[in-house]
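Q:
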C-alpha cells in the first residue's frame with residue numbers, strides 16, 4: 001500500500017513537468033492571442049515599428065537585434081572556445097594544466113549576467129570608444145563581445161569532450177604516415193569531432209539568444225533594426241526586460257508574444273542540438 | 001620544394017600550437033579581469049554595514065558623496081530577500097526534482113519517461129526572462145502583487161530541470177545489484193529509495209542541487225518581473241522583496257549609488273564561485289569512490 005502510494009507520488013512529480021510545460025505553452029499563447037488577432041501574426045513578425053503612442057507593435061527590430069548579437073557573439077566565441085577545446089581535448093588531454101584551464105574557463109559560466117553587464121558597461125565600453133568603433137560604445141558590437149565571453153565555457157567544455165573522444169588509433173595512423181601535430185589536428189581530430197563541435201556551438205547559440213540582463217545593459221536600447229555592427233538596438237529579451245514593468249493592454253500582449261517567439265526559437269535550437277547529439281552517439 | 005619540406009611543416013605546427021596556447025590563455029583572462037575590477041572598486045564598501053544595513057536612499061548617498069564619505073548602508077534587504085526567495089525555491093524544487101529524477105531513472109525507456117526527459121530538456125533551455133513572464137501571468141497577476149513567492153516559483157522552475165537530470169544520472173550510475181540486494185532483503189520500495197538509492201547517490205544529488213542554486217542565485221531578469229524589489233527587510237513572502245541581483249540592478253541605474261554596485265557584485269560573485277568550487281570538489285571526490 002505504502003509502496004503503491006509512493007510510486008504514485010513519483011509519477012505525479014514527473015507528471016507535473018508535463019503540466020508545467022503545457023501550462024507554459026498555454027499561458028504564452030493565450031496571452032499573446034490579442035496581439036495576433038489585432039495586428040496579425042505575419043504583420044507582427046515583419047513590422048519594425050514599435051510605438052506605444054499609436055499602439056502599433058512589430059517584432060522585426062528585436063528579432064534582427066537578437067539574431068545579429070547572437071551570431072556575432074558566436075563568431076567571437078568560436079575564436080576562443082576552439083583553441084580552449086583543442087588545448088584541453090588534444091594538446092594537454094588528461095594533464096594537470098588542462099584541468100586548471102578548463103576549471104577556470106568553466107567558472108566564467110558562473111558569473112551572473114548582471115555582473116557581466118556591469119563589467120561591459122564600465123570596462124569594455126570605454127575601450128571600444130577609445131578604439132574609435134563608435135561614439136558611445138553601446139550597441140550590437142559591445143553586447144556581442146560580452147555575450148561571447150559568457151558562452152565560451154558552454155561551447156569549449158562540450159567540444160573538448162568530443163575532441164578527446166577521437167580514437168587514438170586514427171591519430172597514431174596519421175602520425176605514422178609522417179603527419180605533423182597540426183596536420184593531425186586539422187585533418188583527423190577536427191573532422192572526426194566536427195559534428196560534435198558543431199552541436200556545442202548550436203547549444204551555445206541557444207544560450208546567447210535568451211541572455212537578458214547583460215545585453216539589456218549594453219545594446220543601447222533603441223527600438224529599430226540595428227544599422228550595422230556598431231549600431232544600437234534591442235533584442236527580444238532586452239525589450240521585455242525594459243518595458244514589461246509598465247506595460248498593459250496590447251503592449252503587454254505584444255511583449256508576451258515576443259516571449260512566445262523567443263521560447264519557440266530557443267526550443268527549436270535546443271531540439272536541433274539534441275537531435276544531432278543523438279545522431280552522433282549512434283554513429 | 002620549400003612548402004613541403006619537413007622543417008616548414010614542423011614550424012607551422014609549432015606556430016599553431018603557440019596560437020592555441022595564447023588564445024586559451026586569453027579565454028581565461030576575463031574571469032580575472034572581472035574579479036580584479038570588482039575587488040578594486042568594491043573593497044572600500046566591503047565592510048560590516050554591507051551586511052547589517054539596508055540600501056540607502058539616493059539622497060543619503062548623494063550627501064555622503066558630496067562630503068567625500070563612504071556611502072552609508074548596505075544590502076541587508078537584498079541578502080535576506082535572496083535567502084527568502086532562494087529558500088522557498090529550494091523547498092519547492094528539491095522534492096519534485098528528486099522524485100521526478102528517481103522516476104526517470106527507474107523507468108528508463110517507457111514512452112512517458114522519454115517524453116518527460118525531453119520536456120525537462122526543453123524547460124532547461126527556456127530563457128530566464130520568459131520564465132519571468134510566465135510566473136507573472138501565473139502568480140503575480142492572480143495575487144495582485146509582486147511577491148517573494150512569485151520570485152521563488154520562477155527560480156524553482158529554473159532549478160527543476162538541473163535537479164531532475166542530476167538525480168537521474170547519479171541514480172543510474174549505481175549498480176543494479178545494490179537495489180536488487182536491498183529488495184531481496186525484504187526492504188519495501190519506499191525504504192529502498194530513501195535508505196539505499198538516495199543515500200548512495202547523495203554526492204551526485206548534492207552536487208546537482210548546489211549547481212542549480214549557484215546558477216539561479218545571480219538571476220536578475222526573472223525576479224525583475226516577479227519579486228520586483230523592496231527597500232526594507234521583508235520576510236513576508238506575499239510582499240515584494242529585494243535580492244542581491246535586484247539591488248545591483250538598482251544601484252546600476254542610480255548614479256548616486258554606483259559605488260555600492262561593486263561591493264554587492266563582489267559579494268554575489270564570491271558566494272557563487274565558492275558554491276561552484278564546492279560542488280566541483282564534491283563531485284570529484286564522489287567519482288573516485
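Protein chains in written order, with our numbering: chain A, 1 to 283; chain B, 1 to 289.
Yeah, the Cβ is synthetic: ideal placement off N, Cα and C, and Gly gets one too.
Just so we're clear, the structure is a prediction, and the values are computed from it rather than from any experiment.
Around the Cβ of residue 82/B, are there at least 16 other Cβ atoms within 10 angstroms (buried) or fewer (exposed)?
A: Buried, because 16 or more other Cβ atoms sit within 10 Å of the Cβ of residue 82/B.
Q: Taking the alpha-carbon of residue 160/B as reference, which of 188/B, 131/B and 96/B has the nearest alpha-carbon?
A: Out of 188/B, 131/B and 96/B, 96/B has the C-alpha closest to the C-alpha of residue 160/B.
Q: What are the boundary residues of the alpha helix (DSSP H) that residue 152/B is part of?
A: 148-172 is the extent of the alpha helix (DSSP H) around residue 152/B.
Q: Does residue 281/A pass the burial test, meaning 16 or more other C-beta atoms within 10 Å, or should it be called exposed?
A: It counts as exposed.
Q: So for residue 154/A, helix, strand or coil by DSSP?
A: In the structure shown, residue 154/A sits in a helix (DSSP, three-state: H, G or I).
Q: Where do the N-terminal and C-terminal ends of the alpha helix (DSSP H) with residue 280/A fall, by residue?
A: Segment 249-282, the alpha helix (DSSP H) holding residue 280/A.
Q: Using alpha carbons as the reference points, say which of 267/A, 223/A, 161/A and 128/A lies closest to residue 88/A.
A: For the residues 267/A, 223/A, 161/A and 128/A, the minimum Cα distance to residue 88/A belongs to 161/A.
Q: Of all the CB atoms in chain A, is at least one closer than 8 Å to the CB of residue 9/B?
A: Residue 9/B counts as touching chain A.
Q: Mind checking who residue 51/A pairs with in its DSSP beta bridge?
A: Per DSSP, 56/A.
Q: Answer with yes or no whether the minimum CB distance from residue 12/B to chain A is below 8 Å.
A: So yes, residue 12/B belongs to the interface.
Q: Could you tell me if residue 41/A is buried or exposed, where buried requires 16 or more neighbouring beta carbons within 10 angstroms of its beta carbon?
A: By the 10 Å Cβ count, residue 41/A comes out exposed.
Q: Anything in the segment 152-177 of chain B with a Cβ closer than 9 Å to a Cβ of chain A? List those residues in chain order, please.
A: Of all residues in the segment 152-177 of chain B, 157, 160, 161 and 164 have a Cβ within less than 9 Å of some Cβ in chain A.
Q: Verify whether the separation of the beta carbon atoms of residue 50/A and residue 223/A is less than 8 Å.
A: It is a contact, given that the beta carbons lie within the stated cut-off.
Q: If you measure from the CB of residue 25/A, is any heavy atom of the ligand HEM nearer than 7 Å?
A: The ligand HEM is absent from the structure shown, which contains no ligand whatsoever.
Q: Given residue 210/A, which residues of its chain have a CB within under 8 Å of its CB, disregarding the five upstream and five downstream residues?
A: Closer than 8 Å at Cβ, skipping near neighbours: 237, 262 and 266.
Q: In chain A, what lies closer than 9 Å to residue 225/B by C-beta?
A: Correct list: 240, 241, 244 and 245.
Q: What residue ranges within the segment 95-120 of chain A form continuous beta strand (DSSP E) runs of no fewer than 3 residues, ordered along the chain?
A: List check, beta strand (DSSP E) in window: nothing returned.
Q: With H, G and I counted as helix, E and B as strand and the rest as coil, what does DSSP make of residue 66/A?
A: Looking at residue 66/A - three-state DSSP - the assignment turns out to be helix.
Q: The alpha helix (DSSP H) spanning residue 249/B covers which residue range?
A: Looking at the DSSP string, the run of the alpha helix (DSSP H) that includes residue 249/B is 244-253.
Q: Going along the chain, which unbroken runs of the alpha helix (DSSP H) with 4 or more residues stay wholly within the segment 193-222 of chain A?
A: You should have 213-218.
Q: Select from 13/B, 139/B and 107/B the residue whose C-alpha is nearest the C-alpha of residue 184/A.
A: Out of 13/B, 139/B and 107/B, 13/B has the C-alpha closest to the C-alpha of residue 184/A.
Q: Short check: CB of residue 77/A to CB of residue 17/A, under 8 Å?
A: Contact flag unset, no.
Q: Name the chain B residues that come within less than 8 Å of residue 115/A, Cβ to Cβ?
A: The answer, in chain order, is 34, 38, 218, 248, 265, 268 and 269.
Q: Are the CB atoms of residue 218/B and residue 115/A nearer to each other than 8 Å?
A: Yes, they are a contact pair.
Q: For residue 209/B and residue 282/B, which I take to be in contact (beta-carbon distance under 8 Å), what is that distance rounded to the nearest angstrom?
A: Not confirmed; about 11 Å, so no contact.
Q: I'd like the list of long-range same chain contacts for residue 93/B, defined as Cβ closer than 7 Å, with 5 residues on each side in sequence excluded.
A: The residues are 156, 159, 160 and 163.
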